[in-house]
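Numbering (this note's numbering), first residue to last: 33 to 200.
Rendered as structure tokens:
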């Protein structure tokens with residue numbers, strides 16, 4: 033039987049969680065909200081948090097199908113591209129990301145050629161779109177609030193909501 037297993041990694045510097053959702057039987061998995069370490073005083077980016085996740089994925093011999101972002105993170109850096117280069121997977125987010133990218137483009141003074149249609153991602157989910165993680169069934173859900181593009185992902189009997197809810 034294919035049952036979703038969850039391994040969560042808390043990053044104390046950003047107070048965020050990265051989750052690995054996987055199927056032990058089939059050996060497929062997904063990573064939700066990977067984070068990079070950013071040392072503000074030096075401007076250095078390191079990979080300690082992401083490497084812990086990568087080490088777990090490799091120790092479990094998982095095939096990563098998806099790297100799922102719940103939203104664009106203005107308060108920390110995404111580890112999605114770094115993780116993809118080490119363990120594969122398609123990077124995905126909700127289709128509404130373009131709305132947030134337009135705000136970020138102006139707010140962070142990004143170059144005029146910066147694409148605001150989500151071209152940086154491998155896949156853009158629609159609300160209610162079903163997808164597979166190996167034999168596990170998942171559904172992408174548009175849950176605007178924290179940002180207009182927030183997504184949650186229902187995988188098995190769990191829902192991964194990112195910053196739609198904050199811990200106490």
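Every residue gets a Cβ at the ideal spot worked out from N, C-alpha and C, and that includes glycine.
For residue 153, there is no enclosing alpha helix (DSSP H), since its DSSP letter is neither H nor E. One thing to note: residue 156 has its Cβ within 8 Å of the Cβ of residue 125. Cβ neighbours of residue 43 within its own chain (closer than 6 Å, five residues either side excluded): 67 and 81. Secondary structure of residue 118 (DSSP, three-state): helix.
Boundaries of the alpha helix (DSSP H) harbouring residue 80: 80-91, taken from the DSSP string.
Excluding sequence positions up to five before and after residue 100, its CB lies within less than 6 Å of the CB of 62, 64, 124 and 185, all in the same chain and listed in chain order. Taking a cut-off of 8 Å for Cβ pairs, the segment 78-97 and the segment 110-119 touch, as three or more such pairs fall below it.
A direct Cα-to-Cα measurement between residue 95 and residue 39 gives close to 15 Å. Of the residues assessed, residue 182 falls on the buried side of the cut-off, its CB having 16 or more other CB atoms within 10 angstroms.
The straight-line gap separating the alpha-carbon atoms of residue 58 and residue 168 is approximately 9 Å. The straight-line gap separating the alpha-carbon atoms of residue 34 and residue 92 is approximately 16 Å.
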